Structures are given as structure tokens and as C-alpha cells.
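Protein chains in written order, with our numbering: chain A, 12 to 129; chain B, 9 to 124.
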């Protein structure tokens, strides 16, 4: 079974600074997808960024980028120019690319609570 | 604004009550999901519907009964719940199911459920 580990329960960053959230995962599969979701106090889970394992290029979405190291099974999220609205719980998630039943299951890490200080 | 709409946003019910949670999406997604989330924990998958048929039941107690009347609507019927069932219930949907295509899940705002 796949597992996702987020080793930082809480992180803090100054507004306008850069912060990196770590995520490692364990899988025997070669094809899969990785996601970062953000959950602010408003409760909605919002997709921040996604990465396909077969792509070597790291995904980027505006101020958000990932450092995907497939061999090391690492998928960290970098937030540049942090804003107050970035404060939230961040979940790293894994999904198999298999076409068998159950491939839509998302395996979540325990989350990292990010605080942004003004 | 979320594209997955959940109602009600808050629900307080007694252990003998019967209530239902509703989830609606109009994005043409054919996979829909129910998750349970306890405070400061990640979401836990409960059920998955694909093309209006139940495809995954994560050994959820029978006091939770899902229903997918059509491709846009997902219900969760609640009966005889326990205090430990108090949680945030999240609905999600995605475009395709089981085809190895990276279509992410889109989540609603959730229903905060409290069992007295």
C-alpha cells in the first residue's frame, strides 16, 4: 500500500518570503500522480498543483512550484512571495495511475499547517 | 466559488434522527466521492460512485447510506449516527474514472455534522 509522509506538522513564513513544504511517499508503482491541496479555515480543499510521475519537468503554477525527485520519492512544494491568503493546511496526496478499480483513491499525508506572518 | 455545492453547511442531529447530506456538481463529472474529515486530520475516503454506480465502499458502517440519483447529484443518508461520527463531510467529483488520466478531484465546502 502507498503511504504519504509530511514530516512538518507546522511551518511559518514571513509575508513575501519563500517557504518549502516537504512530502515523501512510498510506492512500488512506476506511474502515478501527485498533488498538493490547500485547505484554509473556510474548509474547502483547493487543488494547488499537480505532477505526473512520467514527467521530469517540475510543475509550476504562478507562485507555487514543486521539486519532484522520483528516485528519492520526494515531492516538495515551494511557495514564493508568500501572501496572507496562503495560510492554510496543506495536504500532499498520491494517486495511482492504474486503470484497475480503486485508481481514483487519493492517499493523503497528515498535512502541514502553514502560518503566514505579516 | 466552489463548483461542487454541498448542503447544508452545518447540521446538528440527535442519534435517533434521519437526515441527508446533498452534493451537486454541473461540470459533467462522472465520478463522485464522499469523504469524512476529523479535525486536524486528512480526509478519509468513504464512497466512490462512477457513472452513477457505487464502485468503492471503504467498509463504511451501514448507518451511512449513499445514493447517486443522477450524474450531477450525490446524497448521503444518515441514520442512527454515533457521537464519533461528528466530522466534516466533504464531497468531491472528477471528470473521468479509472482511465489513468490525471483529472484531479474538485471538492465542495463540506457539511459540518454534529451528533448530540
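Where a beta carbon is used, it is the ideal one built from N, C-alpha and C, also for glycine. Since we're looking at a predicted model, the values are computed, not measured.
Using 8 Å as the threshold, is the C-beta distance between residue i and residue j below it?
i: residue 34/A; j: residue 59/A; result: no
i: residue 95/A; j: residue 127/A; result: yes
i: residue 62/A; j: residue 79/A; result: yes
i: residue 28/B; j: residue 86/B; result: yes
i: residue 45/B; j: residue 12/B; result: no
i: residue 55/B; j: residue 74/B; result: yes
i: residue 38/A; j: residue 13/A; result: yes
i: residue 53/B; j: residue 116/A; result: yes
i: residue 129/A; j: residue 28/A; result: no
i: residue 17/A; j: residue 123/A; result: yes
i: residue 124/B; j: residue 22/B; result: yes
i: residue 175/A; j: residue 125/A; result: This structure does not reach residue 175/A, given that chain A is present from 12 up to 129, and the question cannot be answered.
Between residue i and residue j, what straight-line distance do the alpha-carbon atoms span, to the nearest angstrom?
i: residue 182/A; j: residue 118/A; result: Because chain A spans 12 through 129 in this model, residue 182/A falls outside it and cannot be assessed.
i: residue 25/B; j: residue 42/A; result: 45 Å
i: residue 21/A; j: residue 102/B; result: 30 Å
i: residue 37/B; j: residue 111/B; result: 10 Å
i: residue 70/A; j: residue 96/B; result: 30 Å
i: residue 66/B; j: residue 81/A; result: 29 Å
i: residue 40/A; j: residue 89/B; result: 38 Å
i: residue 115/B; j: residue 57/B; result: 15 Å
i: residue 65/A; j: residue 20/B; result: 46 Å
i: residue 164/A; j: residue 35/B; result: No statement about residue 164/A is possible, as the shown extent of chain A runs from 12 to 129 and does not include it.
i: residue 44/A; j: residue 86/A; result: 11 Å
i: residue 18/B; j: residue 83/A; result: 42 Å
i: residue 57/A; j: residue 63/B; result: 24 Å
i: residue 118/B; j: residue 77/A; result: 27 Å
i: residue 113/B; j: residue 30/A; result: 25 Å
i: residue 73/A; j: residue 14/B; result: 29 Å
i: residue 109/A; j: residue 94/B; result: 33 Å
i: residue 91/B; j: residue 59/B; result: 33 Å
i: residue 24/A; j: residue 106/A; result: 29 Å
i: residue 16/B; j: residue 30/B; result: 7 Å
i: residue 90/A; j: residue 51/B; result: 23 Å
i: residue 7/B; j: residue 120/B; result: Outside the displayed range of chain B (9 to 124) lies residue 7/B, so it cannot be described from this structure.
For residue i, decide whether its Cβ has a neighbour in chain D, counting only Cβ atoms nearer than 8 Å.
i: residue 115/A; result: Absence of chain D from the displayed structure is noted, the protein chains being A and B.
Task: Residues of the segment 31 to 59 of chain B with Cβ closer than 9 Å to any Cβ of chain A, in chain order - done: 39, 41, 43, 45, 48, 49, 50, 51, 52, 53, 56 and 58
TODO: Pair every Cβ in the segment 75 to 84 of chain B with every Cβ in the segment 36 to 43 of chain B, then say whether three or more of these pairs are closer than 8 Å.
DONE: yes
- [ ] Flag this pair as touching only if the segment 49 to 58 of chain A and the segment 96 to 111 of chain A have three or more C-beta atom pairs under 8 Å; answer yes or no.
- [x] yes
Open item on the list: What are the residues in the segment 52 to 79 of chain A lying within 8 Å of chain B by C-beta distance?
Closed with: 53, 54, 55, 56, 57, 58, 61 and 63
Task: Inside the segment 92 to 120 of chain A only - beta strand (DSSP E) runs reaching at least 3 residues - done: 99 to 107 and 117 to 119
Open item on the list: Under 8 Å, CB to CB, which of the residues in the segment 65 to 98 of chain B have a partner in chain A?
Closed with: 96 and 98
Task: chain B contacts made by the segment 33 to 50 of chain A, where a contact means CB separation under 7 Å - done: 44 and 46
Task: Segments of 3+ residues assigned as beta strand (DSSP E) that fall wholly inside the segment 19 to 100 of chain A - done: 21 to 25, 30 to 32, 35 to 37, 43 to 50, 57 to 63, 75 to 80 and 85 to 90
Task: Entirely enclosed beta strand (DSSP E) segments - the segment 73 to 99 of chain B, minimum 3 residues - done: 81 to 87
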